[in-house]
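To start, the structure under review is shown below, and the notes come after it.
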Amino acid sequence: MRDVAIIGCGMTKFGRLEGKDLMDLLAEASLRAIDDAGAGERDFDSVYVGNMMAGELVHQTAIASALVDRINLIPAGAERVENGPASGASAVKNGFLAVASGASDLVLVAGGEKMTAVDTDVIGDLVSTMTHPTAEYVHGVTLPAMAAMLTRLYMERYGVTERHLAMVAVKNHANALKNPYAHLHRECTIEGAMNSIMIADPLRLYYACPISDGAAAVVLCPLEKAKEFTDKPVRIAGFGHASDVQTLQEREDPAVLKSVQLASQQAFKMAKLEPNDIGVVETHDAFEILEIVQSEDAGFFEKGKGHLAVEKGVTALDGELPINPSGGLKAKGHPVGATGVAQIVELVWQLRGEAGERQVKDPKRGFACNFGGFGNNTVIHILERGW
Amino acid sequence: MEQKFTGFKCKSCGRVMYPKHDRCLDCKGTEFEEVELGEDATLLTYTKLYALPEGIEMPPLVLGIVKFPGGVRAMGQLTTDDPKIGMKLRPVWGKLRKMKDREIFGFKFEPLK
Numbered sequence: 242m243r244d245v246a247i248i249g250c251g252m253t254k255f256g257r258l259e260g261k262d263l264m265d266l267l268a269e270a271s272l273r274a275i276d277d278a279g280a281g282e283r284d285f286d287s288v289y290v291g292n293m294m295a296g297e298l299v300h301q302t303a304i305a306s307a308l309v310d311r312i313n314l315i316p317a318g319a320e321r322v323e324n325g326p327a328s329g330a331s332a333v334k335n336g337f338l339a340v341a342s343g344a345s346d347l348v349l350v351a352g353g354e355k356m357t358a359v360d361t362d363v364i365g366d367l368v369s370t371m372t373h374p375t376a377e378y379v380h381g382v383t384l385p386a387m388a389a390m391l392t393r394l395y396m397e398r399y400g401v402t403e404r405h406l407a408m409v410a411v412k413n414h415a416n417a418l419k420n421p422y423a424h425l426h427r428e429c430t431i432e433g434a435m436n437s438i439m440i441a442d443p444l445r446l447y448y449a450c451p452i453s454d455g456a457a458a459v460v461l462c463p464l465e466k467a468k469e470f471t472d473k474p475v476r477i478a479g480f481g482h483a484s485d486v487q488t489l490q491e492r493e494d495p496a497v498l499k500s501v502q503l504a505s506q507q508a509f510k511m512a513k514l515e516p517n518d519i520g521v522v523e524t525h526d527a528f529e530i531l532e533i534v535q536s537e538d539a540g541f542f543e544k545g546k547g548h549l550a551v552e553k554g555v556t557a558l559d560g561e562l563p564i565n566p567s568g569g570l571k572a573k574g575h576p577v578g579a580t581g582v583a584q585i586v587e588l589v590w591q592l593r594g595e596a597g598e599r600q601v602k603d604p605k606r607g608f609a610c611n612f613g614g615f616g617n618n619t620v621i622h623i624l625e626r627g628w
Numbered sequence: 003m004e005q006k007f008t009g010f011k012c013k014s015c016g017r018v019m020y021p022k023h024d025r026c027l028d029c030k031g032t033e034f035e036e037v038e039l040g041e042d043a044t045l046l047t048y049t050k051l052y053a054l055p056e057g058i059e060m061p062p063l064v065l066g067i068v069k070f071p072g073g074v075r076a077m078g079q080l081t082t083d084d085p086k087i088g089m090k091l092r093p094v095w096g097k098l099r100k101m102k103d104r105e106i107f108g109f110k111f112e113p114l115k
């Protein structure tokens, strides 16, 4: 396999983006990434578009074909990649494999979602359709309900309290305030979070991500050709991708995200690295409990101790292992198809030292965890400086 | 006829699963028999859901994961507003919700007296 580099990246602002449709967002992010790579004159071989539910949300299908038409990447082979909320990272993985295999030399990976095109209850229902049709969905099970049940298990078993969830939210909101691309630009306090409305006891509104529109994109090429484009190529050092049973209750242990464990182990093995080699992390904190659980199951903290790391400030922007400097899904926003690509974009900026006020101190390697379903299909990427 | 909550026992290795898979999670066997999971399940975790899905009338909707004596777990609605981890529940047949004006029935979990 060839070494693969990210030579350009870009994204739209995340948020309720009135007046911009899904294709506007995908085109904007893609052109920014292509400009960033200085690849405007070049012919692309392949295009992968991470997207979960354009058909359902904006009544448009075959969006990868639409994107190459819109920004003239014709005749690149183009396809949409769907893996629930991990569609973005799955698209990056496919782009990586296309370059690594030697099949493609220049690849665009974009991810986007226009979530605010429909009412909130419609979104809630569409997202719930990821659950098991007969063993979960028909019973009224929603993603917040699953996150709440996982949270309660953690509270019972490991002593996690509501205050720990609030601390994660406060940290991620503070980081998002320094990210011009983030959806939520408002300070969050412990008291404010703990007084927000209850959505799924013990989860309050502030322990869950907002509904956002947005898109993100990266350009990939073989590392050996990266110098034609940039002095700071970012190497994709490893990836991992693993699944687990669909229902939460049938997991070997419902408090363990085994797909996160397996995918992380695969990625570390491929990269020949260990968790303590990582300097910056982006997790899939659609619910704040998930940042804690993922940080443990990925191998950064001992099982049941992730909340203590939050408490001690280890995961803060100036801590030993900053998690979600972008603001995370919680405050940057979670346009589902865009999320996995946007995590990679954030890591590229962090590794290149271009993250502005939220710059982590000199990270050499970054780790991203994007998951589909409720933790039953996880894609991990490890990035490192390629210069 | 009284409905019983059933799981699916792999005819090759004996593992009992719920919900049904087309291949056994342990041995990849493809033949199963339905087996009753019992009347005394234990509550492992729960939530009271206030952001309700379509066709549920009154918040909160109480959902939980229960564990049957053989170790098989199931997720479902609880008929109590005062759930306690470790409490004993039994499956009872009833209306779950309306979906597109159609009434959906299934098993819920009711505290054992």
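Just so you know, the sequences run in chain order A and B. Read in order, the letters of the first sequence are residues 242 to 628 in this note's numbering. Read in order, the letters of the second sequence are residues 3 to 115 in this note's numbering. Even for Gly, the Cβ is constructed at its ideal location relative to N, Cα and C. Keep in mind it's a predicted model, so treat the numbers as computed, not measured.
Q: Give, in chain order, every residue of the region 73 to 89 of chain B whose Cβ lies closer than 9 Å to some Cβ of chain A.
A: Along the region 73 to 89 of chain B, the positions whose C-beta sits under 9 Å from a C-beta of chain A are Val74, Arg75, Ala76, Met77, Gly78, Gln79, Ile87, read in chain order.
Q. Beta carbon of Pro71 of chain B, beta carbon of Asp103 of chain B: below 8 Å?
A. Their beta carbons are not under 8 Å apart, which means Pro71 of chain B does not touch Asp103 of chain B by this criterion.
Q) Per DSSP, what kind of secondary structure is Ile304 of chain A in: helix, strand or coil? A) In the structure shown, Ile304 of chain A sits in a helix (DSSP, three-state: H, G or I).
Q) Hey, is Pro71 of chain B's beta-carbon within less than 8 Å of any beta-carbon in chain A? A) No Cβ of chain A is located within less than 8 Å of the beta carbon of Pro71 of chain B.
Q.
Could you check whether the Cβ of Glu59 of chain B sits closer than 8 Å to any Cβ belonging to chain A?
A. No, Glu59 of chain B does not count as interfacial toward chain A.
Q. Using a C-beta to C-beta distance shorter than 8 Å, which residues of chain B count as neighbours of Gly394 of chain A?
A. The identity of residue 394 of chain A in the sequence shown is Leu, whereas the question assumes Gly. Neighbours of Leu394 of chain A in chain B, taken as residues whose beta carbon is under 8 Å from its own, are Leu46, Thr47 in chain order.
Q: Report the neighbours of Gln490 of chain A on chain B: residues whose CB is nearer than 7 Å to its CB, in chain order.
A: Within chain B, the residues near Gln490 of chain A are Ile67, Arg75, Ala76, Met77.
Q. By the 10 Å Cβ neighbour count, where 16 or more other Cβ atoms means buried, how is Pro495 of chain A classified, buried or exposed?
A. Counting every other CB atom within 10 Å of its CB across the protein chains shown gives Pro495 of chain A a total of 16 or more, marking it as buried.
Q) Within the 8 Å Cβ cut-off, does Arg99 of chain B reach chain A? A) Chain A has a Cβ within less than 8 Å of the Cβ of Arg99 of chain B.
Q. Mind pulling the chain B residues with CB within less than 9 Å of Asp360 of chain A?
A. Ordered by position in chain B, no residue passes the 9 Å Cβ test against Asp360 of chain A, which lies about 12 Å from the chain.
Q) Mind pulling the chain A residues with CB within less than 7 Å of Pro1 of chain B? A) No information on residue 1 of chain B is available, as it lies outside the stretch 3 to 115 that chain B covers here.
Q) According to DSSP, is Thr372 of chain A helix, strand or coil? A) DSSP places Thr372 of chain A in coil when its eight states are reduced to three.
Q: Would you kindly work out how many angstroms separate the C-alpha atoms of Ser287 of chain A and Arg17 of chain B, rounded to a whole number?
A: Distance between the alpha carbons of Ser287 of chain A and Arg17 of chain B is about 45 Å.
Q: Rounded to whole angstroms, what's the CA-CA distance from Ser328 of chain A to Gly581 of chain A? Just pull it up for me.
A: Going from the Cα of Ser328 of chain A to the Cα of Gly581 of chain A covers about 7 Å.
Q) Which residues mark the beginning and the end of the beta strand (DSSP E) in which Glu38 of chain B is found? A) Per DSSP, the unbroken beta strand (DSSP E) holding Glu38 of chain B starts and ends at 34 to 38.
Q: Can you check DSSP and say which residues form a bridge with His482 of chain A?
A: A:Val620, per the DSSP bridge assignment.
Q: Express the C-alpha separation of Val577 of chain A and Ala358 of chain A in angstroms, rounding to a whole number.
A: In a straight line, the C-alpha of Ala358 of chain A is about 13 Å away from that of Val577 of chain A.
Q) Under 8 Å between C-beta atoms, does Met356 of chain A make it to chain B? A) Residue-level contact by beta carbon fails for Met356 of chain A and chain B, as no gap is shorter than 8 Å.
(Q) For a cutoff of 8 Å on Cβ pairs, would you count Glu56 of chain B as touching chain A? (A) Answer yes: the Cβ-Cβ gap between Glu56 of chain B and chain A drops below 8 Å somewhere.
Q.
Assess contact between the region 456 to 467 of chain A and the region 246 to 258 of chain A, defined as three or more Cβ pairs (one per stretch) separated by less than 8 Å. Is contact present?
A. Taking a cut-off of 8 Å for Cβ pairs, the region 456 to 467 of chain A and the region 246 to 258 of chain A touch, as three or more such pairs fall below it.
Q: Please confirm if Lys6 of chain B has its CB atom under 8 Å from at least one CB of chain C.
A: Although the question refers to chain C, the structure presented lacks it and instead comprises the protein chains A and B.
Q. Quick one, which of B:Asp84, B:Lys90, B:Val68 has its alpha-carbon nearest Glu377 of chain A's?
A. Measuring from the Cα of Glu377 of chain A, the nearest candidate turns out to be B:Val68.
Q | Residue closest to Ala268 of chain A, alpha-carbon to alpha-carbon, out of A:Ala280, A:Ala305, A:Asp485 | A | Out of A:Ala280, A:Ala305, A:Asp485, A:Ala305 has the C-alpha closest to the C-alpha of Ala268 of chain A.
Q. Is His300 of chain A buried or exposed, if buried means 16 or more other CB atoms sit within 10 Å of its CB?
A. By the neighbour-count rule (16 or more Cβ atoms within 10 Å), His300 of chain A is not buried but exposed.
Q) Per DSSP, what kind of secondary structure is Val411 of chain A in: helix, strand or coil? A) If DSSP states are grouped into helix, strand and coil, Val411 of chain A belongs with the helices.
Q) Can at least three beta-carbon pairs, one atom from the region 379 to 392 of chain A and one from the region 73 to 85 of chain B, be found at a separation below 8 Å? A) A contact exists between the region 379 to 392 of chain A and the region 73 to 85 of chain B.
Q. Could one say the Cβ of Glu403 of chain A lies closer than 8 Å to chain B's Cβ atoms, at least one of them?
A. The beta carbon of Glu403 of chain A sits no closer than 8 Å to any beta carbon of chain B.
Q. If we cut at 8 Å on Cβ distances, does Glu625 of chain A have a partner in chain B?
A. So, not an interface residue.
Q | Span separating the alpha-carbon of Asn611 of chain A from that of Ser331 of chain A | A | Asn611 of chain A and Ser331 of chain A: Cα-Cα distance of roughly 9 Å.
Q. So, Ala504 of chain A versus Gly479 of chain A, is the Cβ gap smaller than 8 Å?
A. In this structure, Gly479 of chain A does not lie closer than 8 Å to Ala504 of chain A by Cβ.
Q: List the whole-angstrom C-beta distance separating Lys412 of chain A from Ala557 of chain A, where the pair is believed to meet the contact cut-off of C-beta under 8 Å.
A: Contact between Lys412 of chain A and Ala557 of chain A holds: CB atoms are separated by about 6 Å, below the 8 Å threshold.
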